[in-house]
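This report concerns only the one structure given below.
Numbering (the working numbering), first residue to last: 647 to 1223.
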């Protein structure tokens, strides 16, 4: 039996600013060298649990504590934050908030400088840590020039430059494209195998995390441990759906085909799944008829015609980009970091002007329109909610745009309340924004734009930081807007979102549009997926595993069947209420 490195005994914690505890009666042991995934709905207490492990509670976040925590056999209450930092290395969700040095090398060296390590030894250790994460050729670069995946690697090097007992990752995949996410999981896996360090990952994206071997999945719900089991056991139960956590897509397909999922078929990853006894059932199910998904036939509301753009001379960012979007269409704008997606958004909103080419709104050249004029028909929800929020109270934030427009106070109140209800935020209408989680703040920013009733809505990573329940609520609401004729453009790394909730995918690579096609076709094309840092869906991989004669048709069937079931479920709920 390996040594216990983290031990919670009847632990309770309540923030000073809250009435009820965030953690209740937590009894939990984590052993040396284990790979632990902590998951659960937004606001369930999983991040609070992470703060208790790395010492931010009670050193930075104050509150009432009952019970005990031990780290490496020592009471956590007797350890300073500095002592804990030598035992637990934390990689934050927002890597930019973790950077201190002006260069990658300086940032990795920060902990060594605090320990007064000699310069010669420091350079050796920094180089060793950088090599371990594959960043040895970037030591002179600014951290802010790096891609999301590279920033994750630098943060990992910074916490590992001194040996630690535990590596704690707080949503490491939240802002990464699929390829960078897979590379991050592979890197964590390799480092754990090489060092034997205990790894604790807090994450919503279950299927992506399970690309590495996980020993246990701990589900937190309402501040309590709702489940603690090996992946195969947990995935064979209905606990994930019960607690609002998205199960892997291939498991959903198995269940829809009437297949009983149990640990014997190794459901923890698509690569380990034993398909021999499942093949005929899956092929028979995928050959049944399902209603064909609707096609959009409305008028064109947005057209980009031969757009070219560059921030610096002789460094083109966009190269002859052309596409058109119809009223009510749901578009996924995808591609690796730096492909030009955000620049397209700026050009559509008028924040930048093209070097050549045109942006047409409702068939008219928008080049003479001001940013304010374009904002009358185009709404933009940024990826980081902290970049949008300007008011202290939630109601005031959502009402801000209406007040600027001079909308009647009674009408403002009605529209704000209606939008807050649709976004699942009505119970928090009188709360301060500072009391919300990242995911809740994200919903506030979406609400603040939706209340303005835009014709075109651009959302940058709309589901980042959302658990499955809130993710589904937001996407259902966006679907309703689409049905009413609102055009949706979603910049996303979420392949699930693209498959289930969009009509077309526009794929950007190095400033060029390389594909414009239905999501199921895109995520069944390994060539394009590789170019754009995407990955083929696990449904396509399942189709290949069972020898489907037409993997693309199999994927389409799975996606359309899931949409049909979801619509039926929503109709049943509406009839009940």
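Note that CB positions come from ideal geometry on N, CA and C, so glycine has one too.
For residue 902, the enclosing alpha helix (DSSP H) covers residues 895-902. The straight-line gap separating the alpha-carbon atoms of residue 1106 and residue 783 is approximately 31 Å. Check the Cα spacing between residue 1103 and each of 1095, 1109, 1110: the tightest is with 1095.
With respect to residue 677, residue 648 sits close: the two C-beta atoms are nearer than 9 Å. In this chain, the alpha helix (DSSP H) harbouring residue 990 covers 987-995. Judged by DSSP secondary structure, residue 1061 falls within the alpha helix (DSSP H) whose first and last residues are 1055-1068. Remark: C-beta atoms of residue 1048 and residue 993 do not approach each other more closely than 9 Å. In this structure residue 896 is buried. Its beta-carbon is surrounded by 16 or more other beta-carbon atoms within 10 angstroms.
Of 1158, 697, 716, the smallest CA-CA separation from residue 707 is found for 697. Cβ contact annotation for residue 1072 (same chain, cutoff 8 Å, sequence separation greater than five): 1063, 1066, in chain order. A residue is called buried once 16 or more other Cβ atoms fall within 10 Å of its Cβ, and residue 728, having fewer, is exposed. Residues 717, 718, 810, 811, 812 of the same chain have their beta carbon placed closer than 7 Å to that of residue 733, with the five preceding and five following residues left out of the count.
Residues 813 of the same chain have their beta carbon placed closer than 6 Å to that of residue 843, with the five preceding and five following residues left out of the count. According to the DSSP assignment, residue 677 belongs to the beta strand (DSSP E) that extends over 669-677.
Each of 893, 876, 1139 was checked against the Cα of residue 910, and the nearest Cα belongs to 876. In this structure residue 961 is exposed. Its beta-carbon is surrounded by fewer than 16 other beta-carbon atoms within 10 angstroms. The criterion of a C-beta distance shorter than 9 Å is satisfied by residue 1180 and residue 1169.
Here DSSP, grouped into helix, strand and coil, assigns residue 1033 to helix. Of all C-beta pairs linking the segment 1154-1172 to the segment 1129-1140, fewer than three are shorter than 8 Å, placing the two stretches out of contact. Secondary structure of residue 733 (DSSP, three-state): coil. A buried status is given to residue 1203, since no fewer than 16 other beta-carbon atoms sit within 10 Å of its beta-carbon. A check of alpha carbon separations from residue 1036 across 1046, 1027, 1029 identifies 1046 as the nearest.
If only complete runs of 3 or more residues are kept, the segment 1151-1213 shows the beta strand (DSSP E) at 1158-1163, in order along the chain. In this structure, 775 is the residue among 775, 928, 790 with its C-alpha nearest to the C-alpha of residue 837.
By the neighbour-count criterion, in which a residue is buried when 16 or more other Cβ atoms sit within 10 angstroms of its Cβ, residue 1010 is exposed. About 12 Å separates the beta carbons of residue 699 and residue 659, which is beyond the 8 Å limit, so they are not a contact pair.
The C-alpha of residue 1030 lies about 10 Å from the C-alpha of residue 1108. DSSP, read as helix, strand or coil, puts residue 697 in helix. Between residue 1023 and residue 889, the gap from beta carbon to beta carbon reaches 9 Å or more. In terms of Cβ geometry, residue 1018 and residue 953 do not form a close pair [threshold 9 Å].
Looking at the DSSP output, residue 659 bridges to 669, 711.
CA-CA distance, residue 908 to residue 1100, rounds to 47 Å. Looking at the backbone, the Cα of residue 1163 and that of residue 999 are separated by about 27 Å. Fully enclosed alpha helix (DSSP H) runs of no fewer than 4 residues occupy 765-778 of the segment 763-787, in order along the chain. Contact check for residue 1070 against residue 1139 fails: the beta carbons are separated by 9 Å or more. Contact check for residue 946 against residue 977 fails: the beta carbons are separated by 9 Å or more.
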